[in-house]
Amino acid sequence: MILSQYLIVLFSLFVQPSTSTLELEISEFRNTKGHVLISVFDNATDFPENEDNAIVNKKVKVTDKTHFISIKNLPQGEYAVVFLHDENDNEEMDTNFVGAPEEGYGASNDAVNTFSAPKYKDAKFLLEGEKKSIKLKIFY
Numbered sequence: 005m006i007l008s009q010y011l012i013v014l015f016s017l018f019v020q021p022s023t024s025t026l027e028l029e030i031s032e033f034r035n036t037k038g039h040v041l042i043s044v045f046d047n048a049t050d051f052p053e054n055e056d057n058a059i060v061n062k063k064v065k066v067t068d069k070t071h072f073i074s075i076k077n078l079p080q081g082e083y084a085v086v087f088l089h090d091e092n093d094n095e096e097m098d099t100n101f102v103g104a105p106e107e108g109y110g111a112s113n114d115a116v117n118t119f120s121a122p123k124y125k126d127a128k129f130l131l132e133g134e135k136k137s138i139k140l141k142i143f144y
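Take the sequence shown: its position 81, counted from the start at 1, is 85 in the numbering used here, and no numbers get skipped.
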C-alpha cells in the first residue's frame, strides 16, 4: 500500500502536462482604438485566412500600447499565430487601393511578407511544457 502511494507520487513528478498555456505579448500598438483579433492555428491548410477553422480566436479591446494575452489549456503541439489590430472594429483587414494593409498585423516568429500572407512554415512554433511566452511585433 505504501509502496503504491510512493510510486504514484514519484510518477506524477515526471509526467508532462498534456496542455499548456500560451502567453502572448503584443507591443507597439500605434493607438488604443478598436480590438486586437488573434487566431491560433494548428495546420498549414487553414493558416492564416480561414479563422473559422482556427483552434482559438480571441478578440481583446486595445487599451494600452502593449497587451499580454494568455491562452490556456492548449494541447501541446505545433502552432502558428496571426493577429490584426482592427482599429475600426469591422472584423476584417482594411487595405488601400493596391492591397497593402492599412491596419496593424503580425504573426508568430515575425513571419510577415511584404506582398503576401505569412506562411505557416515560417510562423510555426512548438508548444510544450507548462507555459510558453512569445513576443509578437506589430507591423503597420
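Ideal placement from N, C-alpha and C gives every residue a C-beta, glycine not left out.
Close CB contacts of K139 within its chain, under the 6 angstroms cut and outside five residues either way in sequence, are with E29 (chain order).
Around the beta-carbon of F45, 16 or more other beta-carbon atoms lie within 10 Å, marking it buried.
In the assembly as shown, G81 is an exposed residue. Its beta-carbon has fewer than 16 other beta-carbons within 10 Å.
By DSSP's assignment, Y109 forms a beta bridge with L88 and F143. Annotation for G110: I30, V86, F87, V116, L140, K141, I142 and F143 place their beta carbon closer than 8 angstroms to its own, counting only its chain and skipping 5 residues before and after. Comparing alpha-carbon positions, the option among N113, E106 and F129 lying closest to N94 turns out to be E106.
With a threshold of 16 other beta carbon atoms within 10 Å, D90 meets it and is buried. Judged by their CB atoms, E132 and S74 are not nearer to each other than the 8 angstroms cut-off.
Where K65 is concerned, there is no enclosing alpha helix (DSSP H), although the beta strand (DSSP E) around it starts and stops at V60 to K65. Between the alpha carbons of S22 and K123 lies a gap of roughly 27 angstroms.
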